[in-house]
Amino acid sequence: MLVVMQAHATEEQVKAVCEKIQALGYRAHAMPGAERTAIGITGNKGEVEAGTFEEMPGVHELIRVTKPYKLVSREIRQENSVISFPGSDATIGGKALAIMAGPCSIESREQAFAVAERVTQAGARFFRGGAYKPRTSPYSFQGLGEEGLRIMAEVRDHFGLKIITEAIDHESMDLVEKYADIIQIGARNMQNYSLLKRAGRAKIPVMVKRGMSATLEEFLMAAEYVMSEGNYRVLLCERGIRTFADHTRNTLDLSVVPAVQRLSHLPIIVDPSQGTGKRNKVTPLSRAAIAVGADGLIIEVHHQPDKALSDGMQSLYPEQFDELMAQVRQIAPVVGRTVSGIKTQIPAGLSADEVVVHTTPAR
Ligand code: PEP
Ligand code: MN
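So in this note's numbering, spot 109 of the sequence shown is number 112, and the numbers just go up one at a time.
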């Protein structure tokens, strides 16, 4: 159920409704919107008695949410959710595209810094990198663990990038929450419900990657798990699904982007690196992802991909990432989006807006 407040309802009235919901033994989720606040009720087994709330001051109406996912749904929040970070201009879900880039795994301080320098210069605002890697083989590189997180925190301090990294279990989640800016839930864990609930109690945003065989509804329900615990700063990521096609590692399902956007207010970004598994397909699919309306990209970049300890085949060389960004810069305005500028030295006497950012034409 959803309590829709009147446009001019006061904070006290919203609070009173939340308290009433809690007194009945349910959970209240207040979602302020541009027009009005809606309060989601979860934890109720049956129908909530409408009359209980309809007479309360500031309440407009009570609506039954028809979808199994409630807090994720556009029924509770009509406008897009934008995730922001205090003290930073980085956003996810707003007009500016969220560009995340970095190696598959953090391998050393030197590697992380070499890649971070290049992706920062190219205009990325987020640095990706795995410290805990869910590998198919137990004999493959499993990540540097906490040491990898420490390196990422250094990257944040040095380059001003926001850090996104995967937590694979409860233990790693405690550490990821301590060091990172965004927790990544990997495809293999999309239906690890206890991990999703733990992420829902974290104080930082959570990115839920689509499971390899997850339907749209299952994908949204995974995000619902996180939100149901009170963490509303959630974004989704399409990273390819398993199909019979064998020309790519996975089949990047770009049609899920508008499908998600129709049903949900949450931002959705695309990972063409896991999505294709092939370096030469990452840039074309990135162009397509932006054109289809994705809120951003997460891209694997390595300064020496042939020496990478994981996913070298799908990692771009830094020059290729520069080119990808140049192309994305050309497509973004066509779909009403912007891309943050390349970090250049601003000549004395000029403001940042006056600095011309040169881009190379798309192929
Ligand atoms: C990754 O981002 O390197 C990764 C392992 O992603 P996924 O969970 O989508 O396979
Ligand atoms: Mn990877």
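Every residue, glycine too, gets a C-beta built ideally from N, C-alpha and C.
Sequence-distant residues of its chain with Cβ nearer than 8 Å to Y235 (five each side left out): Counting from 1 along the sequence shown, the entry for residue 235 is found at position 232. Excluding its 5 nearest sequence neighbours in each direction, Y235 has C-beta neighbours in its own chain below 8 Å: H32, M34, L74 and S84, listed in chain order.
Relative to the C-alpha of D309, which residue among A291, E174, Q81 and Q114 is closest? Translated into the one-based positions of the sequence shown, residue 309 becomes position 306. Measuring from the Cα of D309, the nearest candidate turns out to be Q114.
Helix, strand or coil at P35 according to DSSP, with G and I counted as helix: As a first step, residue 35 is located in the sequence shown; it is residue number 32 there, counting from the start. In the three-state reduction of the DSSP assignment, P35 falls in the strand class.
Per DSSP, Q187 is paired with what? For the purposes of this step, residue 187 is taken as residue 184 along the sequence shown, with counting starting at 1. E169 and M210.
Contacting residues, own chain, Cβ-Cβ under 7 Å from M230 (five flanking each side not counted): Here the question's residue 230 lines up with position 227 in the sequence shown. The answer, listed in chain order, is L74, V75, G203 and V237.
Rounded to whole angstroms, what is the Cα-Cα separation between K281 and I302? Locating residue 281 in the sequence shown gives position 278, where the first residue counts as 1. Locating residue 302 in the sequence shown gives position 299, where the first residue counts as 1. Cα to Cα, the separation comes out at about 12 Å.
is_contact[T246, chain B] using C-beta, thresh 7 Å: Going by chain labels, chain B is absent from the structure shown, which holds only one protein chain.
Taking the runs of the alpha helix (DSSP H) that are 4 residues or longer, which of them lie wholly in the stretch 300-345? 321-334
Using the beta-carbon count (16 or more within 10 Å), is F247 buried or exposed? Position 244 of the sequence shown, counted from the start, is the residue given in the question as residue 247. By the neighbour-count rule (16 or more Cβ atoms within 10 Å), F247 is not buried but exposed.
Starting from L367, follow the alpha helix (DSSP H) in both directions and report where the run begins and ends. Residue 367 is absent from the structure shown; the chain starts at 4 and stops at 366.
So, at 6 Å on beta carbons, what are the nonlocal neighbours of A125 in its own chain, with the 5 sequence-adjacent residues on each side left out? Mapped onto the sequence shown, residue 125 falls at position 122. Cβ neighbours of A125 beyond the five flanking positions: F324, D325 and M328.
If you follow the alpha helix (DSSP H) that E241 is part of, which residue opens it and which one closes it? Within the sequence shown, residue 241 is the residue found at index 238, counting from 1. No alpha helix (DSSP H) holds E241; the beta strand (DSSP E) holding it covers V237 to E241.
Note down, in chain order, each residue of its chain lying with its Cβ closer than 8 Å to the Cβ of K23, except the 5 sequence neighbours on either side. Residue mapping note: residue 23 aligns to position 20 of the sequence shown, counting from 1. Hits under 8 Å: T55, F56 and M59.
Taking just the CA atoms, how far does E50 sit from L312? Here residue 312 refers to the residue found at position 309 of the sequence shown. Here residue 50 refers to the residue found at position 47 of the sequence shown. About 53 Å.
Beta strand (DSSP E) segment containing L65, residue limits: Stepping through the sequence shown from its first residue, residue 65 is reached at position 62. Where L65 is concerned, the enclosing beta strand (DSSP E) starts and stops at V62 to I66.
Can you check whether the CB of G163 is closer than 7 Å to the CB of Q194? Against the sequence shown, residue 194 aligns to sequence position 191. Against the sequence shown, residue 163 aligns to sequence position 160. Not a contact, by the Cβ cut-off of 7 Å.
R77 and H305 closer than 7 Å at C-beta: For this step, residue 77 is matched to residue 74 along the sequence shown. For this step, residue 305 is matched to residue 302 along the sequence shown. No, they are not a contact pair.
Spatial distance of M8 from Q16 (CA atoms): Locating residue 8 in the sequence shown gives position 5, where the first residue counts as 1. Locating residue 16 in the sequence shown gives position 13, where the first residue counts as 1. Annotation: M8 to Q16 spans about 9 Å, alpha carbon to alpha carbon.
Just checking my contact of D314 with C21 at CB under 8 Å: how many whole Å lie between their CB atoms? Locating residue 314 in the sequence shown gives position 311, counting from the first residue. Locating residue 21 in the sequence shown gives position 18, counting from the first residue. Actually they are not in contact, since the Cβ atoms of D314 and C21 sit about 45 Å apart, beyond 8 Å.
Can you tell me where the alpha helix (DSSP H) holding R153 begins and where it ends? Here residue 153 corresponds to residue number 150 of the sequence shown, with the count starting at 1. Per DSSP, R153 belongs to the alpha helix (DSSP H) from E149 to F162.
Within the chosen definition, does the stretch 334-342 reach the stretch 97-105 through at least 3 CB pairs nearer than 8 Å? yes
Just the Cα atoms here: how many angstroms apart are P261 and V295? The residue labelled residue 261 in the question sits at position 258 within the sequence shown. The residue labelled residue 295 in the question sits at position 292 within the sequence shown. Each residue's alpha carbon lies about 7 Å from the other.
Given 6 Å as the limit, tell me if Q277 has its C-beta closer than that to any heavy atom belonging to the ligand PEP. Taking the sequence shown and counting its residues from 1, one reaches residue 277 at position 274. Result yes, Cβ under 6 Å from the ligand PEP.
Excluding the 5 residues flanking K284 on each side, which residues of the same chain have their C-beta closer than 8 Å to its C-beta? The residue given as residue 284 occupies position 281 in the sequence shown. Apart from sequence neighbours up to five positions away, the residues of its chain that approach K284 with a beta-carbon distance below 8 Å are T251 and P275, ordered along the chain.
Does the beta carbon of K212 fall short of 6 Å from some heavy atom of the ligand PEP? In the sequence shown, counting from the first residue as 1, residue 212 sits at position 209. Checking every heavy atom of the ligand PEP against the Cβ of K212, one is found closer than 6 Å.
Quickly, what does DSSP pair T40 with across the bridge? List them, please. Start at 1 with the first residue of the sequence shown, and residue 40 comes out as number 37. Beta-bridge pairing links T40 to P35.
Length of the line joining the Cα atoms of T363 and R332: Residue numbering aside, residue 363 sits at position 360 when the sequence shown is read from its first letter. Residue numbering aside, residue 332 sits at position 329 when the sequence shown is read from its first letter. Note that T363 has pLDDT 40, beneath the 50 cutoff, so the model's placement of it is unreliable and no number is given.
With the ligand MN as the reference, list in chain order each residue whose Cβ lies under 5 Å from any of its heavy atoms. C107 and D314
Using alpha carbons as the reference points, say which of A93, Y182, P321 and P270 lies closest to Q81. Along the sequence shown, read from residue 1 onward, the residue named residue 81 stands at position 78. Looking at the Cα atoms, P270 is the closest of the given residues.
Would you list the one or two residues that DSSP bridges to F129? Stepping through the sequence shown from its first residue, residue 129 is reached at position 126. Bridge partners of F129: M103 and K165.
Between the Cα of I79 and the Cα atoms of D184, T168, E64 and P89, which residue gives the shortest distance? Locating residue 79 in the sequence shown gives position 76, where the first residue counts as 1. Per the Cα distances, E64.
What first and last residue would you give for the beta strand (DSSP E) that runs through I271? Against the sequence shown, residue 271 aligns to sequence position 268. I271 to V273 is the extent of the beta strand (DSSP E) around I271.
How about A170 and V179: do their beta carbons lie closer than 7 Å? Within the sequence shown, residue 170 is the residue found at index 167, counting from 1. Within the sequence shown, residue 179 is the residue found at index 176, counting from 1. Yes, Cβ-Cβ distance for A170 and V179 is below 7 Å.
If you run the structure through DSSP and keep just helix, strand and coil, what is M230? As a working mapping, residue 230 is identified with position 227 in the sequence shown. In this structure, M230 counts as helix in the three-state DSSP scheme.
What is the residue span of the beta strand (DSSP E) that L5 lies within? Looking up residue 5 in the sequence shown gives position 2. Where L5 is concerned, the enclosing beta strand (DSSP E) stretches over L5 to M8.
Going by the CB atoms, is the gap between K212 and R245 shorter than 7 Å? For the purposes of this step, residue 245 is taken as residue 242 along the sequence shown, with counting starting at 1. For the purposes of this step, residue 212 is taken as residue 209 along the sequence shown, with counting starting at 1. Note that the C-beta distance between R245 and K212 is not below 7 Å.
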